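Visitor: In case it helps, this note's numbering puts the sequence shown at residues 241 to 702.
For glycine and all other residues, C-beta sits at the position ideal for the given N, C-alpha and C.
Please read all numbers here as calculations on a predicted model, not as lab measurements.
Quick one: the structure is below, and I'll ask about it shortly.
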Amino acid sequence: MNNLLAGVARRVISPGKGMYLVGYEDRSGGARTVHDDLYATALALHDGKSMAVLITADILCLHGDVVGRVKDRIEKKTAVPRDNILVCCSHTHSGPVGYAPEKITPVDRARHLLRRLLLLPAGLRQPRGIGFNRRYLRFLADRCFEAAVEAVAGLRPAAIEGGAGEAEEAVNRRELTETGEMVIGVNEGGSVDRAVRVLRVKDGERTMAVIVNHACHAVTLGPNNYAVSADWVGAMRSMVEARAGGMCLFIQGACGNINPRTELWTEDNFPDLQRIGGLVGHEVLRVLERVKPLRTSPVAAARRVLDAELETPVELKGLPVRKIYCTMLRRLTGYPGFIIEPFLALRYPWKTRVDKTNGGYTTPIELNALRVGDAVIAAVSVEPFVETGLAVAGASPAPMTLFAGYTNGMTSYLPTAEEHARGGYEVNLVPYVYRLPGIYAAGVEAAVVKELGEMIASLYRP
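Structure, rendered in structure tokens:
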């Protein structure tokens with residue numbers, strides 16, 4: 241018997257002009273216009289006993305503090321447990337910052353001004369500061385909360401259908417050069433997850449929502465773009481909604497090492513955006529023609545936090561966290577030491593949580609699994625490599641498994657042990673941009689796969 245109730249709602253979360261668009265290190269200023277609106281879309285699901293909320297947002301990633309405030313408000317207003325709420329980010333590289341301090345002191349403002357002065361003239365081309373970033377993230381949190389509350393208030397009888405297809409627009413980007421250097425390029429022999437997983441939530445014969453899960457970086461628009469955009473995800477969503485009806489929620493998969501096949505970045509890559517979005521969108525529509533009914537109960541969730549070990553360079557062990565990441569970024573980028581902190585503060589505002597252990601440091605990774613009958617969403621608060629998503633889905637007992645990266649927070653790329661050994665941008669550099677005092681240890685990814693596998697199994701245990 242199907243007892244499912246579902247509700248869906250949406251809010252616009254596009255930032256104003258001047259917001260720094262994160263995702264590339266070489267943008268020199270803030271947003272100049274909005275090409276296509278960014279959205280936060282909430283889907284509420286209730287099986288008569290338990291309720292969950294899925295929120296998808298068009299943003300690179302959201303800090304765990306921001307997500308926590310959203311979840312606290314939703315739980316207080318709707319009684320949906322925090323562990324039953326997923327906030328998934330699409331990972332667009334043409335969207336706003338995902339962190340700002342909730343409290344800004346006069347000292348913070350003075351430090352921010354000093355950092356801008358140190359980056360002259362580039363600092364002057366950044367027209368908005370930490371106060372603007374904080375106002376935006378409060379606005380975003382409000383919109384996510386409103387969408388969730390409206391979705392819960394609009395619960396009505398529903399059914400779910402599911403299916404999967406394949407898209408050919410993505411390519412593994414970790415290319416090993418003839419000199420043995422790992423670069424971002426094209427690796428034709430590398431792993432790719434072609435699957436386009438689709439769930440349709442129906443109210444009778446009417447489509448309420450379409451959930452799309454696929455792994456491909458939202459980077460058709462490069463660093464020369466200064467227009468706010470959901471990237472190819474927005475084009476796909478517009479196509480699906482125009483032809484299938486309802487609201488489309490996109491869950492970004494394990495795309496850490498997966499890029500779309502696009503031309504060279506210019507000041508106008510919008511044709512690539514439409515082409516890639518159209519390829520995935522057409523496949524979603526094709527899958528919708530042959531989806532099959534799925535069981536919709538129970539609605540159940542599991543959550544764990546993994547204390548992930550970090551590898552700190554031997555010669556830097558024992559130093560303060562800030563000293564470690566600044567030293568490593570200076571070594572790896574060649575930037576003068578005095579520029580590192582100002583550059584990070586303007587181009588990628590963030591803070592990290594690390595815990596000191598006897599042998600070094602750990603940082604928390606949040607793991608979530610949300611079951612809705614035959615379908616489960618496995619989610620991680622990292623930027624996962626495609627192999628991780630494939631491993632989790634391949635071992636899952638669920639008839640249909642969706643894998644979500646960039647969910648309920650963010651703590652850098654998570655490479656597999658094999659890719660850890662190969663190094664490169666994702667492995668050796670980005671953890672320090674996230675202010676971590678080291679890179680993930682080689683065994684962390686396997687531990688994540690194991691934990692998620694146990695969590696999913698527990699949700700399907702008789």
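If I measure Cβ to Cβ from L669 and keep anything under 7 angstroms in the same chain, skipping five residues before and after, which residues do I get?
Guide: L572
Visitor: Quick check: what's the CA-CA separation for G577 versus R355?
Guide: Roughly 13 angstroms between the two C-alpha positions.
Visitor: Can you say whether R569 is buried or exposed, counting buried as having 16 or more other CB atoms within 10 angstroms of its CB?
Guide: Looking at the sequence shown, residue 569 is not Arg but Leu. When all chains shown are included, L569 counts as buried.
Visitor: Spatial neighbours of A475 within its chain, please: C-beta separation below 6 angstroms, excluding the five flanking residues on both sides.
Guide: L513, Q514 and G517
Visitor: Nearest-angstrom Cα distance between S621 and G402?
Guide: 25 angstroms
Visitor: Determine the direct distance from the alpha carbon of C566 to that of P677, and round the result to whole angstroms.
Guide: 9 angstroms
Visitor: Helix, strand or coil, according to DSSP, for A709 in the structure here?
Guide: Residue 709 lies beyond the stretch modelled for the chain, which goes from 241 to 702, so this question has no answer here.
Visitor: When the Cα of S537 is compared with those of S290, R675, K257 and K317, which residue comes out closest?
Guide: S290
Visitor: Identify which residue in D277, A540, V450 and M650 has its Cα closest to the Cα of V612.
Guide: A540
Visitor: H333 and H454: beta carbons closer than 9 angstroms?
Guide: no
Visitor: When DSSP labels each residue in this structure, what does V612 get in the three-state scheme?
Guide: strand
Visitor: My understanding is that H286 touches L245, with C-beta atoms under 8 angstroms, so please give their C-beta distance in whole angstroms.
Guide: 4 angstroms
Visitor: What are the start and end residues of the beta strand (DSSP E) that includes Y279?
Guide: Y279 to H286
Visitor: Can you list, in chain order, the stretches of the beta strand (DSSP E) that have 3 or more residues and sit fully within the segment 573–643?
Guide: The qualifying runs are 601–612 and 615–620.
Visitor: At 3 residues or longer, what runs of the beta strand (DSSP E) sit wholly inside the segment 490–537?
Guide: 498–500 and 532–534
Visitor: According to DSSP, what are the bridge partners of K442?
Guide: A399 and T447
Visitor: Which first and last residues belong to the alpha helix (DSSP H) in which L676 is found?
Guide: Premise fails: L676 is in no alpha helix (DSSP H) and is neither H nor E.
Visitor: Using a 10 Å radius around the Cβ and a threshold of 16 neighbouring Cβ atoms, would you call V684 buried or exposed?
Guide: buried
Visitor: By the three-class DSSP mapping on this structure, what secondary structure does Y721 have?
Guide: Residue coverage of the chain in this structure runs from 241 to 702, which leaves residue 721 outside it and unanswerable.
Visitor: What residues in its chain sit with their C-beta under 6 angstroms from that of A682, if we drop five residues either side in the sequence?
Guide: A657 and H660
Visitor: Which residue wins for smallest C-alpha separation from A542, given the options Y672, G629, A609 and L550?
Guide: A609
Visitor: DSSP on I696, reduced to helix/strand/coil?
Guide: helix
Visitor: How long is the line joining the alpha carbons of A749 and A449, rounded to whole angstroms?
Guide: Since the first residue shown for the chain is 241 and the last is 702, residue 749 is missing from the structure and cannot be characterised.
Visitor: At the level of alpha carbons, what is the spacing between A292 and F385?
Guide: 14 angstroms
Visitor: Between which two residues does the beta strand (DSSP E) containing I424 stretch?
Guide: M422 to N427
Visitor: Quick check: the Cα distance between G629 and A697, rounded to an integer number of angstroms?
Guide: 16 angstroms
Visitor: May I ask you to report which of helix, strand or coil DSSP gives G363?
Guide: Below a pLDDT of 50, predicted positions are generally treated as unreliable, and G363, at 48, falls in that range; the measurement from the model is reported next regardless. It is helical.
Visitor: Applying the 10 Å Cβ sphere with the 16-neighbour rule, what's the burial state of P533?
Guide: exposed
Visitor: Does the Cβ of A393 have 16 or more other Cβ atoms within 10 Å, making it buried, or fewer, making it exposed?
Guide: exposed
Visitor: Spatial neighbours of G363 within its chain, please: C-beta separation below 8 angstroms, excluding the five flanking residues on both sides.
Guide: At G363 the pLDDT is 48, less than 50, meaning the model places this residue with poor confidence; the figure from the coordinates comes in the next sentence. Around G363: R355, R356, L357, P582 and L586.
Visitor: At which residues does the beta strand (DSSP E) containing T322 begin and terminate?
Guide: One point to set straight first is that residue 322 is Arg, not Thr, in the sequence displayed. It is not in any beta strand (DSSP E) - R322 carries neither H nor E in the DSSP assignment.
Visitor: Would you identify the three-state DSSP class for T296, choosing helix, strand or coil?
Guide: strand
Visitor: State the start and end residues of the unbroken alpha helix (DSSP H) segment that holds R662.
Guide: A657 to R662
Visitor: With the cut-off set at 9 angstroms, would you say G645 and A494 are in Cβ contact?
Guide: Going by C-beta atoms, G645 is nearer than 9 angstroms to A494.
Visitor: Output yes or no for whether 9 angstroms exceeds the beta carbon distance between L300 and G270.
Guide: no
Visitor: Determine the direct distance from the alpha carbon of G663 to that of V423, and round the result to whole angstroms.
Guide: Distance between the alpha carbons of V423 and G663: 9 angstroms.
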